[in-house]
Each structure stands twice: as structure tokens, then as C-alpha cells.
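Listed in order, the protein sequences are those of chains A and B. The numbers in the numbering used here rise by one with no breaks, and the one at position 54 of the first sequence is 60. The numbers in the numbering used here rise by one with no breaks, and the one at position 116 of the second sequence is 219. Positions of the beta carbon are idealized from the N, C-alpha and C atoms, including for glycine. Bear in mind the structure is a predicted one, so any value in this text is a computation, not a measurement.
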Amino acid sequence: MADIGLMHYLMLAAALFCCGIFVMMTKRNAIGILIGVELVLNSVNINFIAFDRYRLIHGLDGQIAALFVILLAAAEAAVAVAICMNLYKNLNTIDVDRGDALHG
Amino acid sequence: MHHPRQRPGKTVLLTFALAALTCVTMTSAQEPDFGDVGFEFPPEPPPQAADTPTEFDGVPLSIPGGATEALLFYLFGGTLLVSALGVCISRSVVRMATWLFFTLGAASVLYFLLGAAFLGAIQLIVYAGGTLILLVFGVMLTSKSPWVRYDCPRTEMAAAAGVAIVLFAGLLTLLTRTVWPGTAPMARGGTVAEFGKELLTTYLVPFEVASVLLLVVMIAAAYLARQDR
């Protein structure tokens with residue numbers, strides 16, 4: 007087996023990113039869309055850490071960026087779940103297509 | 104109960120926009136020269152100083168290389184891809200969350216493999232143990248039955264798959280056509296001490312802003328989720 011290099015990790019992250027985009031486009035459930043966002047954020051983290059390991063960025067910068075991404079993902083999930091609960095309270099469903107009150 | 108879908112045109116429009124964008128990216132990727140944009144890759148760091156730790160409590164900090172790394176990469180990279188595809192094709196949101204758990208776990212192993220042991224642990228604790236549980240709570244609080252599902256029409260599914268595949272092809276083209284500097288990988292991962300020192304010196308301001316953000320988010324989430332308002 008060939009040695010694992012930067013390219014392997016980048017390709018894996020690209021595949022994960024596309025899976026996340028697909029999930030975001032096809033799911034109608036608000037929580038499902040949130041899961042797609044988590045997939046995309048994870049692929050970004052793999053990229054950051056791989057760049058760090060292969061020294062394309064300085065020192066530990068890539069790992070610190072990944073740490074902030076994890077933190078922001080947790081914060082975003084908390085607020086988004088609260089918004090989903092409000093959506094459910096008002097519409098009795100979390101089908102995002104039903105939340106079209108602002109649709110002109 | 105089924106809500107008629109009034110505007111399938113939007114998804115189609117988005118599909119074409121994204122596909123066109125990707126095609127433009129693919130065709131314009133002409134072996135980028137990083138010198139032109141004023142960006143320089145950092146110089147090779149000096150060889151390790153004598154006092155740099157190579158082991159901690161008897162555990163070597165070195166990263167596995169060669170065949171071990173390849174085996175672990177293909178094993179857990181495969182797990183990552185399979186479970187990500189599982190998220191894509193699951194129709195029940197609880198199944199999606201379960202597949203997501205395996206995705207997050209495999210990603211954390213890849214972090215360990217890349218020498219980011221601290222981040223691997225954080226990934227397991229915060230992501231798999233916190234965010235994912237929050238999502239499952241969200242599912243439980245927002246449906247009458249855990250197996251409730253909202254289906255997507257087949258045409259939109261096909262359009263989305265097309266966009267994802269074109270996007271992946273574009274990214275692969277971009278990755279293979281870029282000339283990456285062949286720097287040697289780090290011989291060992293960073294220790295938690297180095298990580299913390301960096302966080303409290305170079306990144307002190309973002310660190311403090313992040314703590315304020317967490318406080319704001321805590322108040323906001325509690326306010327939004329309040330029962331009687």
C-alpha cells in the first residue's frame with residue numbers, strides 16, 4: 007500500500023463535504039439539515055488538521071482553528087435546536103417547507 | 104396531510120447554479136501559482152530542539168507511519184465514508200443520528216492519526232457526547248413519534264445527487280491539479296501543554312470572545328426554548 011499523504015485526507019474530506027451538501031439539500035426535517043451541517047463542519051476540520059500535520063500552516067494554527075470550529079458547531083446546534091422547538095410549537099411539524107409564512 | 108410542494112423550480116435553479124459554478128471552477132483551475140497572490144508557505148521549521156518532548160509518561164508522542172498508518176487510514180476512512188453515505192440514504196432522523204455517531208467516531212480516529220490527540224478527545228467528548236445528544240433530544244422534542252419522516256420527491260433527490268457528484272468531481276479535479284509543496288509531515292503530535300500555551304497567548308482574544316459567545320448562546324437557547332413566553 008502506498009504511503010498516506012496529504013492528498014488522501016483531502017479527498018476523504020471532499021467526499022464527506024459532498025455527503026453533507028447532499029443531506030442539506032434532500033432532508034426536509036430541520037434536524038436532518040442540522041446533521042448535514044455537522045458533516046460539512048467535520049470535513050472542514052479534517053482539512054484543517056491535515057494541513058497542520060503536513061505543515062502547510064504555521065505551528066498549531068490548524069488545530070486551534072479546528073477547536074474553534076467544534077465550539078461554534080456546538081453553539082450553533084444549541085440555538086438551532088431551540089429554534090426547531092419553536093417551529094414545532096407554532097406549526098406542529100418541523101418540515102422546513104411548511105415554515106413559509108414569510109413567503110411572498 | 105401531505106403538503107403540496109409549490110415550488111420545485113427553486114431546487115432546480117439552485118442545482119443549475121451550483122453545477123455551473125463547479126464547472127467554472129473546474130475549467131479555471133490552472134495549476135495555481137501561490138507566488139502570484141502574495142502567499143508564501145511557511146519555511147521549513149528548524150529541526151527539533153533537544154528539549155522538545157518525544158514522549159509523555161512513557162507513552163511515545165510519535166505518529167504511526169507507513170503500513171500502520173495506511174491500514175488505519177483505510178479502515179477508519181472507509182468507516183467514515185460508509186457512515187456518511189448512511190446518513191445520506193437514511194429516511195428516519197433517528198437512523199441519521201446513529202450513522203452520524205459513527206461518522207464522528209471515525210473522524211476522531213483520523214484526528215488521532217494526524218497527531219491531534221487533544222482534538223480527537225475533544226471531538227469524542229463535545230461532538231459525539233454533547234452535540235449529537237442535543238440533536239437526539241431535539242428529535243424527541245419535535246415529533247410525535249421517533250419514526251416520523253418527511254420524504255423528499257425523487258426528482259429533487261436525483262437533482263441533489265447530481266449536484267453532489269459534480270461538486271465532488273470539481274473538488275477532486277482542483278485537488279489533483281494543485282501543486283502542493285512536498286513538505287515532510289510532523290514527526291510527532293503537539294502536546295496539550297503546547298496547545299494550551301498557544302491558546303492563551305497567540306489566540307487569547309478569540310478564546311475570550313468564544314467564552315462570551317458560549318454565555319450568549321446559553322442564554323439565547325434557554326430563552327428561545329422557554330415554555331411560556
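Item, Value
"Alpha carbon to alpha carbon, how far is P107/B from V102/A?", "Note that P107/B has pLDDT 49, beneath the 50 cutoff, so the model's placement of it is unreliable and the number below is only indicative. About 13 Å."
"Given V50/A, which residues of its chain have a CB within under 7 Å of its CB, disregarding the five upstream and five downstream residues?", "V75"
"Please name the residue in L302/B, Y253/B, G233/B, L270/B whose C-alpha comes closest to that of G26/A.", "L270/B"
"Applying the 10 Å Cβ sphere with the 16-neighbour rule, what's the burial state of A153/B?", "Bear in mind that a pLDDT of 46 at A153/B, under 50, signals an unreliable position, so the model cannot answer this."
"Quick one: list the residues of chain A neighbouring T206/B, beta-carbon separation under 8 Å, in chain order.", "L22, L45, N48"
"For a contact meaning CB atoms closer than 7 Å, what does N92/A contact in chain B?", "L327"
"Going by other Cβ atoms of all chains shown within 10 Å of its Cβ, with 16 needed for buried, is K33/A buried or exposed?", "buried"
"Please state the DSSP three-state secondary structure of D106/A.", "coil"
"Are the C-beta atoms of G38/A and some chain B residue less than 7 Å apart?", "yes"
"Report yes if the C-beta distance between W202/B and G223/B is below 7 Å; otherwise report no.", "no"
"Using only the alpha-carbon positions, how far apart do I10/A and L77/A sit?", "29 Å"
"Is V196/B close to chain A? Criterion is C-beta to C-beta, closer than 7 Å.", "yes"
"Is it buried or exposed, V319/B, if we count other Cβ atoms within 10 angstroms and call 16 or more buried?", "exposed"
"With burial defined as no fewer than 16 other Cβ atoms inside 10 Å of the residue's Cβ, what is the status of I55/A: buried or exposed?", "buried"
"Straight-line CA distance for L121/B to A263/B?", "10 Å"
"Write down the C-beta distance between A88/A and V229/B rounded to the nearest angstrom, noting that I regard them as a contact closer than 8 Å.", "A88/A to V229/B, Cβ: 18 Å. No contact."
"Counting only runs that start and end within the segment 168-215 of chain B, where is the beta strand (DSSP E) found for 3 or more residues in a row?", "none"
"Any idea what DSSP makes of D254/B, helix, strand or coil?", "coil"
"Do you know offhand how far P288/B's Cα is from M17/A's?", "17 Å"
"With distances taken Cα to Cα, identify the nearest neighbour of S186/B among M199/B, S195/B, F176/B.", "M199/B"
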